[in-house]
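What follows is a single structure, written as structure tokens, with notes after it.
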Amino acid sequence: MVLGRSFEDMCAQMYYRGKMFGFVHLYNGQEAVSTGFVKCLKPEDYVCSTYRDHVHALSKGVPARAVMSELFGKATGICRGQGGSMHMFSKEHGLLGGFAFIGEGIPVATGAAFKTKYEREVLKNDKADAVTVAFFGDGTCNNGQFFECLNMAALWKLPIIFVVENNLWAIGMSHYRATSVPEIWKKGPAFGMPGIHVDGMDVLKVREVALEAVARARRGDGPTLVECETYRFRGHSLADPDELRKPAEKAHYAARDPIIALKKYLLESGLVDETDLRSIDKKIDEIVEDAVEFADASPLPPRSQLLENVFADPKGFGIGPDGKYRCEDPAFTAGTAQV
Amino acid sequence: MALNKMFGAIRGRAPSQKLARISSQMQSPSSLRSFCAAAKEMTVRDALNSAIDEEMSADSKVYLMGEEVGEYQGAYKISKGLLQKFGPDRVLDTPITEAGFTGIGVGSAFYGLKPIVEFMTFNFAMQAIDHIINSAAKTNYMSAGQISVPIVFRGPNGAAAGVAAQHSQCFAAWYGSCPGLKVLSPYSAEDARGLLKAAIRDPDPVVFLENEILYGEAFPVSAEVLDPSFVLPIGKAKIEREGTDVTVTAFSKMVGYALKAAEILEKEGINVEVINLRSIRPLDRATINQSVRKTNRLVTVEEGWPQHGIGAEICTSVVEESFDYLDAPVERITGADVPMPYAANLERMAVPQIEDIVRAVKRACSRSARGK
Numbered sequence: 001m002v003l004g005r006s007f008e009d010m011c012a013q014m015y016y017r018g019k020m021f022g023f024v025h026l027y028n029g030q031e032a033v034s035t036g037f038v039k040c041l042k043p044e045d046y047v048c049s050t051y052r053d054h055v056h057a058l059s060k061g062v063p064a065r066a067v068m069s070e071l072f073g074k075a076t077g078i079c080r081g082q083g084g085s086m087h088m089f090s091k092e093h094g095l096l097g098g099f100a101f102i103g104e105g106i107p108v109a110t111g112a113a114f115k116t117k118y119e120r121e122v123l124k125n126d127k128a129d130a131v132t133v134a135f136f137g138d139g140t141c142n143n144g145q146f147f148e149c150l151n152m153a154a155l156w157k158l159p160i161i162f163v164v165e166n167n168l169w170a171i172g173m174s175h176y177r178a179t180s181v182p183e184i185w186k187k188g189p190a191f192g193m194p195g196i197h198v199d200g201m202d203v204l205k206v207r208e209v210a211l212e213a214v215a216r217a218r219r220g221d222g223p224t225l226v227e228c229e230t231y232r233f234r235g236h237s238l239a240d241p242d243e244l245r246k247p248a249e250k251a252h253y254a255a256r257d258p259i260i261a262l263k264k265y266l267l268e269s270g271l272v273d274e275t276d277l278r279s280i281d282k283k284i285d286e287i288v289e290d291a292v293e294f295a296d297a298s299p300l301p302p303r304s305q306l307l308e309n310v311f312a313d314p315k316g317f318g319i320g321p322d323g324k325y326r327c328e329d330p331a332f333t334a335g336t337a338q339v
Numbered sequence: 001m002a003l004n005k006m007f008g009a010i011r012g013r014a015p016s017q018k019l020a021r022i023s024s025q026m027q028s029p030s031s032l033r034s035f036c037a038a039a040k041e042m043t044v045r046d047a048l049n050s051a052i053d054e055e056m057s058a059d060s061k062v063y064l065m066g067e068e069v070g071e072y073q074g075a076y077k078i079s080k081g082l083l084q085k086f087g088p089d090r091v092l093d094t095p096i097t098e099a100g101f102t103g104i105g106v107g108s109a110f111y112g113l114k115p116i117v118e119f120m121t122f123n124f125a126m127q128a129i130d131h132i133i134n135s136a137a138k139t140n141y142m143s144a145g146q147i148s149v150p151i152v153f154r155g156p157n158g159a160a161a162g163v164a165a166q167h168s169q170c171f172a173a174w175y176g177s178c179p180g181l182k183v184l185s186p187y188s189a190e191d192a193r194g195l196l197k198a199a200i201r202d203p204d205p206v207v208f209l210e211n212e213i214l215y216g217e218a219f220p221v222s223a224e225v226l227d228p229s230f231v232l233p234i235g236k237a238k239i240e241r242e243g244t245d246v247t248v249t250a251f252s253k254m255v256g257y258a259l260k261a262a263e264i265l266e267k268e269g270i271n272v273e274v275i276n277l278r279s280i281r282p283l284d285r286a287t288i289n290q291s292v293r294k295t296n297r298l299v300t301v302e303e304g305w306p307q308h309g310i311g312a313e314i315c316t317s318v319v320e321e322s323f324d325y326l327d328a329p330v331e332r333i334t335g336a337d338v339p340m341p342y343a344a345n346l347e348r349m350a351v352p353q354i355e356d357i358v359r360a361v362k363r364a365c366s367r368s369a370r371g372k
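Top to bottom, those sequences are chains B and C. Positions 1 to 339 (UniProt numbering) are the ones given, in order, by the first sequence. Positions 1 to 372 (UniProt numbering) are the ones given, in order, by the second sequence.
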């Protein structure tokens with residue numbers, strides 16, 4: 001959680017210094033949800049996120065250096081600079097993206113869960129038990145794709161957990177102004193799956209619910225819908241002036257900061273002492289500083305990268321006037337071929 | 001193999017070695033039909049069905065999903081018998097949720113399954129177009145090659161008969177402009193079999209635009225086509241009919257119309273070369289340009305709307321690469337610039353007919369400095 005918070009704060013600094021650009025959506029305040037769920041997963045499990053994906057990537061194990069480089073648009077980023085803030089993909093860590101359209105990741109996550117079921121039943125692989133966690137927000141819960149996937153996940157008993165990070169606000173649209181029935185967890189039972197509501201600012205409560213939901217999915221008992229009541233301390237994105245949210249509401253949730261709450265709990269129960277906490281903070285600061293230095297020092301992508309990876313099979317660029325496949329032209333990988 | 005050598009002897013025209021090698025594998029000039037006395041006939045429907053059947057038998061990661069593909073045997077009976085053969089785990093009847101099930105297909109392809117997503121028509125795919133473009137076409141690029149999406153989106157495209165505006169749109173131009181997609185459109189049974197098998201085996205997202213009216217049409221197929229390992233290359237057009245006076249490009253149903261128009265024009269002394277595009281993206285600019293450099297005139301035919309259509313792209317490609325060879329401006333035949341009307345006489349006016357192709361070819365042939 002501390003890594004997530006420090007990382008996001010550094011992102012804001014870097015953005016205002018012009019090192020990061022475009023749309024950047026920070027996760028400050030919601031760390032308990034990501035840590036609570038993702039730390040219950042195995043490396044083979046899948047996570048599918050939205051544009052607010054930096055911390056989901058970090059929780060799932062993507063190195064801070066790779067995420068920071070990606071944000072700077074450098075060739076050493078997790079997607080070699082081709083995705084950016086909103087499109088973090090990592091095949092190695094089971095991170096399915098990074099999607100800009102809300103609701104877009106939900107069917108993709110449901111597909112990954114479908115793949116697990118297909119592997120067990122058709123390909124007869126008994127060891128296939130990867131679970132998928134789909135993260136999305138309150139605004140998404142009014143989108144058609146969300147309901148379509150609740151239906152199909154319950155119908156086909158897919159090993160997926162739908163995690164709603166209800167931070168009460170779309171950009172400037174309050175959840176209560178947009179939703180006829182604001183209790184999102186109630187929509188689960190309507191489709192035949194349990195709907196759970198949890199305090200998303202308390203990482204231990206989130207973890208308890210997560211362990212149960214993950215175990216349920218892995219057993220083959222089907223999907224769960226979990227609504228986490230949480231809050232984002234910053235605006236929707238770094239371009240959002242955040243003028244519509246009342247200061248009283250912000251203060252209320254700031255008082256429930258998940259990191260401060262966990263620190264307090266750890267100290268009070270004597271599990272750690274001040275020096276341990278300070279050494280964690282120091283270690284995290286070092287990691288984040290190192291990530292920034294690494295990203296700064298990394299090169300921009302080479303020209304030839306522009307045309308790479310459009311297709312897995314590059315013959316998709318077709319045949320050139322000389323009758324040969326365009327991708328076989330030596331100038332193609334130097335980025336100077338005409339396509 | 002003996003058949004291939006025969007092809008080479010009959011044509012013998014391709015300039016570069018590689019082109020000859022690629023084209024000798026799948027071009028079968030119409031004169032070949034007289035050699036295949038025992039040629040079978042196969043409908044496009046059976047061609048598609050057999051292609052899916054063979055690919056599903058060969059690779060257990062391939063599965064079919066869509067509305068009515070299972071128990072109903074397919075809305076147009078393309079998937080007939082597949083549920084009985086492969087079971088409900090591999091032939092999935094989905095609820096009416098295009099966005100949802102297309103996204104599920106894409107998500108399952110991220111990690112190695114090979115879905116064939118059937119849309120009842122491509123008009124309905126508009127509800128899922130976000131997933132076709134944003135999660136399928138763009139993902140290999142966004143993830144810098146980590147995650148490829150070996151998925152096929154298929155279904156009928158374009159006008160049928162009397163189904164009115166919301167069921168008759170041609171999507172070739174829209175999908176054809178999107179990098180990251182391969183877009184195919186078969187005409188004959190041979191095209192349907194070879195291209196669909198290539199699409200299913202391809203590691204990238206493929207949009208496969210069929211035509212409802214062609215489903216029932218039968219075409220002769222050689223033994224080579226019926227072989228389970230038969231595939232056609234993606235990105236290569238086919239010269240259906242060789243000619244010397246004018247090049248006509250077409251895809252899907254319009255290929256049949258162009259061939260009929262060519263027969264009519266033959267009697268009037270105009271020798272038409274008909275190119276069956278087969279692949280909208282990547283477009284086989286090499287074959288088209290090579291043909292125009294031979295005939296010096298071009299007529300493009302498509303059923304879709306004119307603005308930003310396939311003909312517009314082909315015209316520009318020829319102007320860019322073969323301008324000096326053109327003896328007349330490029331003629332473009334397209335569907336009318338209106339949503340499809342319902343009334344039968346209006347519908348006839350809204351799509352190209354054989355007479356329109358004949359007229360356009362004559363126009364192309366009469367306008368030139370040398371007055372051919």
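Don't be surprised by glycine CBs; every beta carbon is placed ideally from N, CA and C. Everything numeric in this text was worked out from a predicted model, so none of it was measured.
Residue i: contacting residues in chain B (beta-carbon distance under 7 Å)
{"i": "Y111(C)", "result": "A112, K115"}
{"i": "I104(C)", "result": "P107, T110, G111, F114, M152"}
{"i": "A99(C)", "result": "P107, G144, Q145, E148"}
Residue i at chain C interface by Cβ criterion, 7 Å
{"i": "K91(B)", "result": "yes"}
{"i": "I287(B)", "result": "no"}
{"i": "F332(B)", "result": "no"}
{"i": "G318(B)", "result": "yes"}
{"i": "P321(B)", "result": "yes"}
{"i": "E148(B)", "result": "yes"}
{"i": "D313(B)", "result": "yes"}
{"i": "L96(B)", "result": "yes"}
{"i": "I160(B)", "result": "no"}
{"i": "V310(B)", "result": "yes"}
Cutoff 7 Å: residue i Cβ touching any chain B Cβ
{"i": "M142(C)", "result": "yes"}
{"i": "Q307(C)", "result": "no"}
{"i": "D89(C)", "result": "yes"}
{"i": "S79(C)", "result": "no"}
{"i": "R21(C)", "result": "Its pLDDT being 44, under 50, R21(C) is placed unreliably by the model, and the measurement read from it follows with that caveat. It does not; no Cβ of chain B falls within 7 Å."}
{"i": "Q84(C)", "result": "no"}
{"i": "C365(C)", "result": "no"}
{"i": "I147(C)", "result": "yes"}
{"i": "D46(C)", "result": "no"}
{"i": "R154(C)", "result": "no"}
{"i": "P203(C)", "result": "yes"}
{"i": "A286(C)", "result": "yes"}
{"i": "G180(C)", "result": "yes"}
Contact under 7 Å by Cβ, residue i with residue j
{"i": "V131(B)", "j": "S90(B)", "result": "no"}
{"i": "M68(B)", "j": "A239(B)", "result": "no"}
{"i": "P107(B)", "j": "G100(C)", "result": "yes"}
{"i": "A109(B)", "j": "C40(B)", "result": "no"}
{"i": "F251(C)", "j": "L232(C)", "result": "no"}
{"i": "E302(C)", "j": "G309(C)", "result": "yes"}
{"i": "E229(B)", "j": "D199(B)", "result": "yes"}
{"i": "S235(C)", "j": "V310(B)", "result": "At residue 235(C) the sequence reads Gly, which differs from the Ser that was named. No, Cβ-Cβ distance for G235(C) and V310(B) is not below 7 Å."}
{"i": "T224(B)", "j": "I161(B)", "result": "yes"}
Opening and closing residue of the beta strand (DSSP E) in which residue i lies
{"i": "V62(B)", "result": "Careful: V62(B) lies outside any beta strand (DSSP E) and carries neither H nor E."}
{"i": "R178(C)", "result": "Note that residue 178(C) corresponds to Cys in the displayed sequence, not to Arg. Neither: C178(C) is in no beta strand (DSSP E) and is coded neither H nor E."}
{"i": "V152(C)", "result": "152-156"}
{"i": "L225(B)", "result": "224-229"}
Cross-chain neighbours of residue i in chain C, by beta carbon under 7 Å
{"i": "A217(B)", "result": "Under the 7 Å cutoff, chain C gives no residues; its nearest Cβ is about 15 Å from A217(B)."}
{"i": "R80(B)", "result": "A144"}
{"i": "H87(B)", "result": "M142"}
8 Å Cβ cut-off: residues of chain C touching residue i
{"i": "L168(B)", "result": "The premise fails here: L168(B) is roughly 26 Å from chain C at the closest Cβ pair, so nothing lies under 8 Å."}
Extent of the continuous alpha helix (DSSP H) run through residue i
{"i": "P247(B)", "result": "247-254"}
{"i": "N276(C)", "result": "N276(C) -> not in any alpha helix (DSSP H); beta strand (DSSP E) instead, spanning 272-276."}
In chain order, each beta strand (DSSP E) run of at least 3 residues that lies wholly inside the region 61-103 of chain C: Those beta strand (DSSP E) runs which fall completely within the region 61-103 of chain C and span 3+ residues are 62-66, 91-93.
Length at least 3, wholly inside the region 282-312 of chain C: the beta strand (DSSP E) runs in chain order: Taken in chain order, the whole beta strand (DSSP E) runs of length 3 or more contained in the region 282-312 of chain C are 298-301.
Beta strand (DSSP E) runs wholly inside the region 133-209 of chain B, at least 3 long, in chain order: Whole beta strand (DSSP E) segments, 3+ residues: 160-166, 195-199.
Entirely enclosed beta strand (DSSP E) segments - the region 23-78 of chain B, minimum 3 residues: Taking only runs of at least 3 residues, the beta strand (DSSP E) segments lying wholly in the region 23-78 of chain B are 46-48.
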